[in-house]
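So the sequence shown is numbered by this note's numbering: it starts at 1 and just counts up by one.
Built from N, CA and C at the ideal position, the CB exists for glycine as well.
These numbers were taken from a predicted model, which means no experiment stands behind them.
To start, the structure itself, in structure tokens.
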Amino acid sequence: MHAPPPAEPLRIGNASGFYGDRFDAVREMLTGGPLDVLTGDYLAELTLLILGRDRLKDPARGYAKTFLQQMEECLGEAHDRGVRIVTNAGGLNPAGLADALRALAGRLGLPTRVAHVEGDDLGDRFPGALTAHAYLGGHGITAALRAGADVVVTGRVTDAALVTGPAAAHFGWAPDAYDALAGAVVAGHVLECGTQATGGNYAFFAEHGPAALLRPGFPLAEVHADGSCVITKHDGTGGLVDVGTVTAQLLYETAGARYAGPDVTARLDTVRLRQDGPDRVRVEGVRGEPPPPAHKVGLTRLGGHRNEVVFVLTGLDVEAKADLVRAQVEDAFGRAASRPAEVRWELARTDHRDAATEETASALLRLVVRDPDPDAVGRALSGAAVELALGSYPGFHVTAPPGKGTPYGVFEAAYVDAESVRQVVVLPDGRRVDVPAPKDTQELTEAEPPALPEPLAHDGPARRVPLGYVAGARSGDKGGDANVGVWARTDDAWRWLAHHLTVDRFQELIPESRPLKVVRHVLPGLRALNFTVHGLLGDGVASRARFDPQAKGLAEWLRSRSTDIPEVLL
1 MHAPPPAEPL RIGNASGFYG DRFDAVREML TGGPLDVLTG DYLAELTLLI
51 LGRDRLKDPA RGYAKTFLQQ MEECLGEAHD RGVRIVTNAG GLNPAGLADA
101 LRALAGRLGL PTRVAHVEGD DLGDRFPGAL TAHAYLGGHG ITAALRAGAD
151 VVVTGRVTDA ALVTGPAAAH FGWAPDAYDA LAGAVVAGHV LECGTQATGG
201 NYAFFAEHGP AALLRPGFPL AEVHADGSCV ITKHDGTGGL VDVGTVTAQL
251 LYETAGARYA GPDVTARLDT VRLRQDGPDR VRVEGVRGEP PPPAHKVGLT
301 RLGGHRNEVV FVLTGLDVEA KADLVRAQVE DAFGRAASRP AEVRWELART
351 DHRDAATEET ASALLRLVVR DPDPDAVGRA LSGAAVELAL GSYPGFHVTA
401 PPGKGTPYGV FEAAYVDAES VRQVVVLPDG RRVDVPAPKD TQELTEAEPP
451 ALPEPLAHDG PARRVPLGYV AGARSGDKGG DANVGVWART DDAWRWLAHH
501 LTVDRFQELI PESRPLKVVR HVLPGLRALN FTVHGLLGDG VASRARFDPQ
551 AKGLAEWLRS RSTDIPEVLL
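Listed below in structure tokens is the structure:
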């Protein structure tokens, strides 16, 4: 007979949203209030490329060294407070980080039990890739914690697995407890980007003033036995947690109603949010389905070399100055031994008429070149640009002279049969235990489109004002695609937004998306629309194909665009 699940919620906090996040967040979370589990997310698509290049230089590297430094300061604190630590900082070398942690614990005289999860590295299946790692689920973490681990280190797991693993271990969830697991996935997705859930990067930040957001606290989730949770933060920390900040993070880098993972597919169209007090948002109602039969694999490879130079165009005749230097550089490329394979120009009209400072009187003309050959983007560019210094437009100068070309990376996604991926957990006593693949799976399909709300009855006038007057938004990247989530804060605004912001209107407001495929997903429970712009980011963030390579500012560009909004909403 199984013991009933614990009645008290499991308090899971997060202290890192990326490799390079606030170093002292680990100490802040450990000392700021009660906590059962502390997680740290260090792996983004770009991070794996960075770690892959580290590993080329030294096979013993490949993990997030910052985490080890944080543990040198805080492992004793975690031990004294009984807080378990779960992190994907193992990157490409979880075994190496686990060994380093054991050695650290020994030096500190701590009886810390360390486990790690491996099996995500599929490099042997993808020759030519720099890194190839399957996105594992949380069941390996669950097994490690049930075996008594104090610290669990993983490689490439889904971000949400850092929460689903501890929750399943604590509450005794079976692998087919899909609703509970889906609730934990939603909690994990909210926590994964750290302070983005507590007011960071928030569309309506100006309503709260700089003092409130000066140093946002990191988020935590009080997870209950049924998978529901309350998103909050430690008392006395900065930032804010409300339905808007949680909605923004739920829409970040997601798409439609089905949010698939290796353990469960969470139905985002079932999520319900409500304010549960100051800095407390209750998340409930989440339904889950069996996971898909395929595991996603993230692939990175070196794509070539790139370089850039930014010409400063000051004062009058900006367009004519840009035309002249473009023609001169293109002429120089034509006379060089080889022209770069890709040449891109972008003129940013940052200049102001009759400006009070030289900087505000200047526009920026950015030239980016790419080529497999580093010389084609190194000497060829520096010669073409610098030799113009005394023979081009008046006021010629650049922000910095071009140097040698630098390598850039490419991210791609592939899929493999889940049963072919052997997830292994190495327990604190050294035993290696296989984590079985899901018994039940369900092919991933688009959910039936929901019914739209009744249109807003607005016989009154409309005003042409920025969309952001009535809608929040957040954007990000998934490989070469950009995601833009847009939400309304009132029912009336939602009734208008759902009918007004169609794909056609989106492409009208965001001209760069017009030649691309744009898909709209409707999430009425969140009063939200989620747009996927396919191919906007080229080969992904590491290729730096665009001015904003991770589409972080795309949502704010959309909010700044003017459209006809009923005055009753303003």
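Where L402 and K321 are concerned, what is the direct C-alpha to C-alpha distance, given to the nearest angstrom?
-> Looking at the sequence shown, residue 402 is not Leu but Pro. Approximately 20 angstroms, taken between the alpha carbons.
Coil, strand or helix - F531 by DSSP = strand
Is the distance from the Cβ of D539 to the Cβ of G315 below 8 angstroms?
-> no
What is the C-beta distance between L523 and D477, in whole angstroms, given that I count them as a contact (C-beta under 8 angstroms)?
-> At roughly 20 angstroms, the Cβ-Cβ gap does not stay under 8 angstroms, so L523 and D477 are not in contact.
DSSP three-state call for L163: helix, strand or coil?
-> Note that residue 163 is Val in the sequence shown here, rather than Leu. Residue state, collapsed to three classes: helix.
Cβ neighbours of Y135 in the same chain (closer than 8 angstroms, five flanking residues each side left out) | D120, R156, V157, T158, G261, P262, H295, K296, V297, G298
To the nearest angstrom, report how far apart R22 and A129 are at their CA atoms.
-> 31 angstroms
List the endpoints of the continuous beta strand (DSSP E) containing T245.
-> Run containing T245: none in the beta strand (DSSP E); it sits in the alpha helix (DSSP H), 243-251.
Specify the secondary structure class of A64 as computed by DSSP and reduced to three states.
-> coil
At what residues does the alpha helix (DSSP H) containing F411 begin and finish?
-> That residue, F411, is in no alpha helix (DSSP H); its beta strand (DSSP E) goes 406-417.
If R267 sits next to G288, beta carbons under 8 angstroms apart, how far is it from one beta carbon to the other, in whole angstroms?
-> 7 angstroms
What three-state label does DSSP hand R544 in the structure shown?
-> coil
Just the C-alpha distance for G17 and G395, rounded to the nearest angstrom, thanks.
-> 43 angstroms
Straight-line Cα distance separating V163 from A361 | 50 angstroms
Provide the residue(s) that pair with R520 in DSSP beta bridges, ordered along the chain.
-> F531
Which residues in the same chain have their Cβ closer than 7 angstroms to the Cβ of Q70, if we skip the five residues on either side of it in sequence?
-> F23, V26
Select from E512, R527, F547 the residue whose C-alpha is nearest the C-alpha of V533.
-> E512
Would the beta-carbon of H189 fall within 8 angstroms of that of G217?
-> no
Own chain residues within Cβ distance below 8 angstroms of L516, not counting five before or after = V533, H534, G535, L536
In three-state DSSP terms, what is A376?
-> helix
Residue span of the beta strand (DSSP E) that contains Q423, given as start and end = 423-426
Give me the Cβ distance between G148 and V286, rounded to the nearest whole Å; I'm assuming they're in contact under 8 angstroms.
-> Contact flag wrong, Cβ pair sits at about 30 angstroms.
Roughly how many whole angstroms lie between the Cα atoms of G480 and P6?
-> 43 angstroms
With respect to the alpha helix (DSSP H) encompassing Y178, which residues constitute its N-terminal and C-terminal limits?
-> 178-191
Drop a sphere of 10 angstroms on the beta-carbon of E118, count the other beta-carbons inside from all chains shown, and report buried for 16 or more, exposed for fewer.
-> buried
Any chance you could list the beta strand (DSSP E) runs of at least 3 consecutive residues sitting entirely within the segment 90-142, in chain order?
-> 114-118, 131-134
Can you list, in chain order, the residues of its chain whose CB lies under 7 angstroms from that of P428, leaving out five sequence neighbours each side?
-> R113, V114, A115, A147, G148, A149
Residues that DSSP places opposite I231 in a beta bridge = A221, V281
Residues near P290 by beta carbon distance below 8 angstroms, same chain, minus five either side = D176, Y178, V264, T265, P438, D440, T441, Q442
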